[in-house]
Amino acid sequence: MAELGLKENDFKNPVVHWVDARLPIFTAMEKEYRAFPTPKNFNYFWNFGAIATVNLLIMIASGVFLAMNYDPSTAGAFDSVHRIMRDVNWGWMIRYIHMNGASLFFLLVYVHIFRGLYYGSYKKPRELIWMLGVVLLLLMMATAFMGYVLPWGQMSYWGATVITSLFGAIPVVGHAIVAWLWGGFAVGNPTLNRFYSLHYLLPSIIVGVLFLHIMALHTVGSNNPLGIEVKGPQDTLPFHPYYTVKDSVGICVYLIVFAILVFFLPHLLANPNNDIPADRLMTPPDIVPEWYFLPFYAILRSVPNKLGGVTLMFWSVLILFVLPWLDTSPVRSCRFRPIMRWLWVLFVADVLLLGYVGSNQPIGIFILLGRIGTTLYFVHFLIFVPLFGVLERPLPLPESISKRVLGGGALASAAAAARPTEKA
Amino acid sequence: MRALALALLALGLALPALPAAAQGIPPLPHVYWSFQGPFGTIDTAAAQRGYQVYKQVCAACHSMSQFHFRDLAGIGYTPAEIKAIAASVQVPGPPNAQGRRSLVPGKPADAFPSPFPTAAAAKAAFNGVVPPDMSLMANAFQGGPTFIYAILNGFRNPPPGVTVPPGRFYNLYFPTHFIGMPPPLHNGAVTYADGTPATVPQMAHDVATFLYYVANPHADARKRIGVHVVLFLVFLTGLTYALKRKVWSDVEH
Ligand code: HEM
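Chains A and B, in that order, are what the protein sequence lines are. Whatever position you read off the first sequence (first residue = 1), add 1 for our numbering. Whatever position you read off the second sequence (first residue = 1), add 386 for our numbering.
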């Protein structure tokens, strides 16, 4: 057990020294963000967690300013949002940042997840990092869904109606739950009020869970593109300056993409119908969610039975929780898994296909494609992942990260891949 | 990861080939807009003509409740002109002792008044449809200003065998073809102050330009600022990348 009382520290600055003796935040920063031993062979896919963190902060900052001028009532919400766009100083920029930032956030996190899938970052000892990640994903989805309701356009209203009604599929108590969610007998003012309250609350919870996500990461250490354990100091670099500067490069590129969206294509990812005020008497011809929900929407609509569809949709995310135990392979990185790397490609293609199906009415060919896509989605996790972990013959693993980096790896044919940071 | 790039490419090529089938609606015409593209700006002369079309034609039926007289400054009207335009329009004043609002001359800070006192009144006048508010019209439809242009030019005699319900008009581009709006434009419907011949396509183009400005009053400034922001970020990325190379130069990796 650590001793109670003032803590020793080596900081020269007297104020820092004084504070750190009582509250060792500087020691913690030094340990976690300067000296923290980080595998030396990360490629740029290891930037996405840091970029997503920056994105989260941007969302919170822009959201606070939007909230200063937003009116969470069914009578005033639409007009208040468009007053922000027109009359609030820099309001258009703040709203476009928040709107497009939400989309970018999902893009970043989806890349982050597929990175984890490819390099086996979810496997022992990183199961909890991964599971906390899934919690983050669920929280993001809830936040984004409720945020989309706030401008009270046609898609806000009808999207909220469709999604909340899904809970009506639950046997016996379904309708009671839906009325409880709505705070009435239809989506209305009470619904908007509570969504606003939760939309403001959930990002703080995301920050808290993110803290745990990083704490777990800094306990067991990062995975790396080779998926092998760090063998010693020769395999790692201190986080600062090596990865602070490398993350900064990624953050700059991300900011360029962000700026292009905000300043030149602010409506690219938005549904034009949400610029029509909510009207409960006029159902839009096609109710589509935002692009980042489309694969899940396709899964929902691919089952003819409502309860079945809702169940599968929830399981499509929840199944990620048990992935660490579904995967039977001793090898993490798909670089050394000749079969799984192609199944991974197939899985990515399948999710994209589902996204495309989700953006179309479930008629004709799209019914069939949706069912094939949904089946493949679950077959991947429930059959391919457990089965090929056993059947597949992995390639020989390099002895260590530094051996591999210096060209002493076991696999000459992939020598180029051995210098991932230069290639990226 | 290289395999992913291949898969994405294949999918990207295959998917757009399946068109989103709209039943019997022709594709929107190709129209050139001064404000299109990353450097396009709003043609203020066209927007001013479009304002004239709006005022003399569309304003009889459509509201534009989020747009204020002062916002006309963005398409080149001077403060004095805006004051005069506002004063020439009657807007609802403060409620009197009986709670009724009398009409008073407008001020630059007033919003454009609605032609109907309530949505129900508009609905009653148009067989159950409400002329949509114009504040965001140029953003609210797939195709934006091009859709507005197409609708205004899209009135036709119905094809043989098609009966148009009473109070409706046949329009090529309206989702059901039967629109509740009577053809609002005919050649010479307005007399342009700048002498431009007022043909239907000309007026449609001008009013759509105006409505694009109404829905996106900050579009020009947004792009101008965007150019600076992106240039700065590209520069910053270059610097950061150079720094990264320098920091990593002593590492074998
Ligand atoms: C709010 C969203 C999220 C943020 C801000 C975030 C942030 C981060 C950060 C900063 C890292 C370390 C840098 C890196 O490896 O990229 C990280 C690692 C990780 N994250 Fe996330 N994350 C989020 C969501 C998720 C989700 C949804 C998952 C998976 C379902 C996930 C799984 C992981 C895993 C497995 C690692 C360890 C990777 C490794 O060591 O190789 N994260 N995250």
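Each residue gets a CB set at the ideal place from its N, CA and C atoms; glycine is no exception. Since we're looking at a predicted model, the values are computed, not measured.
For residue i, the first and last residue of its enclosing beta strand (DSSP E)
i              : result
V490 (chain B) : 487 to 491
P239 (chain A) : 237 to 239
Q476 (chain B) : 476 to 481
T28 (chain A)  : Segment 26 to 30 is the alpha helix (DSSP H) holding T28 (chain A); no beta strand (DSSP E) there.
Beta-bridge pairing of residue i - partner residues as DSSP gives them
i              : result
F564 (chain B) : B:Y556
A497 (chain B) : B:H454
P285 (chain A) : The partner list for P285 (chain A) (beta bridge, DSSP) is empty, contrary to what the question assumes.
F541 (chain B) : B:N557
P278 (chain A) : A:G154
Rounded C-alpha distance that separates residue i from residue j
i              : j              : result
M141 (chain A) : H591 (chain B) : 42 Å
S317 (chain A) : Y201 (chain A) : 26 Å
W292 (chain A) : H268 (chain A) : 13 Å
F367 (chain A) : V358 (chain A) : 6 Å
I468 (chain B) : F212 (chain A) : 54 Å
P286 (chain A) : H113 (chain A) : 35 Å
F621 (chain B) : I257 (chain A) : 10 Å
L354 (chain A) : G436 (chain B) : 43 Å
I402 (chain A) : W634 (chain B) : 17 Å
A408 (chain B) : N557 (chain B) : Here the model assigns A408 (chain B) a pLDDT of 46, short of 50, so the residue's position is not dependable, and the following value carries that caveat. Roughly 15 Å between the two C-alpha positions.
W131 (chain A) : F49 (chain A)  : 14 Å
G365 (chain A) : L313 (chain A) : 21 Å
P40 (chain A)  : L617 (chain B) : 33 Å
F455 (chain B) : A473 (chain B) : 10 Å
T284 (chain A) : Y158 (chain A) : 10 Å
P413 (chain B) : G423 (chain B) : 20 Å
P501 (chain B) : P518 (chain B) : 12 Å
P73 (chain A)  : W153 (chain A) : 9 Å
Q235 (chain A) : E638 (chain B) : 10 Å
F379 (chain A) : L388 (chain A) : 13 Å
Closest Cα partner of residue i within the set the options
i              : options                        : result
L138 (chain A) : A:P395, A:S122, A:L203         : A:L203
A51 (chain A)  : A:L262, A:L295, A:V254, A:F264 : A:V254
V163 (chain A) : A:F146, A:N56, A:V173          : A:F146
F264 (chain A) : A:H18, A:N10, A:I98            : A:I98
W345 (chain A) : A:Q362, A:E33, A:H381, A:K125  : A:H381
P38 (chain A)  : A:L377, A:F315, A:T237, A:G371 : A:T237
S122 (chain A) : A:K32, A:E230, A:I207, A:I206  : A:E230
L538 (chain B) : B:R610, B:V443, B:A432         : B:V443
S360 (chain A) : A:A170, A:V289, A:V221         : A:V289
G356 (chain A) : A:L370, A:R394, A:W343         : A:L370
G92 (chain A)  : A:A103, A:S104, A:Y71, A:F106  : A:Y71
P545 (chain B) : B:H563, B:L629, B:V477         : B:H563
A187 (chain A) : A:S166, A:L108, A:I252         : A:S166
N275 (chain A) : B:H604, B:A507, B:D580, B:N525 : B:N525
H604 (chain B) : A:V386, A:V89, A:L151          : A:V89
A511 (chain B) : B:M567, B:T626, B:Q588, B:G624 : B:M567
V586 (chain B) : B:L571, B:T577, B:A607, B:V600 : B:L571
Q362 (chain A) : A:E400, A:A299, A:P339         : A:A299
Residue i, enclosing alpha helix (DSSP H) - first and last residue
i              : result
P234 (chain A) : No alpha helix (DSSP H) contains P234 (chain A), which DSSP labels as neither H nor E.
Q422 (chain B) : That residue, Q422 (chain B), is in no alpha helix (DSSP H); it is neither H nor E in DSSP.
L211 (chain A) : 190 to 221
F297 (chain A) : 295 to 302
S74 (chain A)  : No alpha helix (DSSP H) contains S74 (chain A), which DSSP labels as neither H nor E.
W183 (chain A) : 175 to 183
V323 (chain A) : 307 to 327
Y440 (chain B) : 430 to 442
K13 (chain A)  : First-last for K13 (chain A): undefined, no H or E at that position.
M523 (chain B) : 523 to 526
V1 (chain A)   : This structure cannot settle anything about residue 1 (chain A), because the visible part of chain A is limited to 2 through 425.
A446 (chain B) : Counting along the chain, A446 (chain B) falls outside any alpha helix (DSSP H), and DSSP gives it neither H nor E.
A505 (chain B) : 505 to 511
A472 (chain B) : 465 to 473
Closer than 7 Å: residue i CB and nearest the ligand NAP heavy atom
i             : result
N44 (chain A) : Among the ligands present in this structure, namely the ligand HEM, the ligand NAP is not found.
In chain order, each alpha helix (DSSP H) run of at least 4 residues that lies wholly inside the stretch 99 to 158 of chain A: Here the runs fully enclosed are 128 to 150.
Runs of 3 residues minimum, wholly inside the stretch 339 to 415 of chain A: which ones carry the beta strand (DSSP E) assignment? If one requires a minimum length of 3 residues, no beta strand (DSSP E) run lies completely within the stretch 339 to 415 of chain A.
Residue ranges of each alpha helix (DSSP H) run of no fewer than 4 residues wholly in the stretch 583 to 623 of chain B, ordered along the chain? Within the stretch 583 to 623 of chain B, the complete alpha helix (DSSP H) runs of at least 4 residues are 586 to 601.
Taking only runs that begin and end inside the stretch 20 to 68 of chain A, name each unbroken alpha helix (DSSP H) of 4 or more residues, in chain order. With a minimum length of 4 residues, the continuous alpha helix (DSSP H) runs that stay inside the stretch 20 to 68 of chain A are 26 to 30, 49 to 68.
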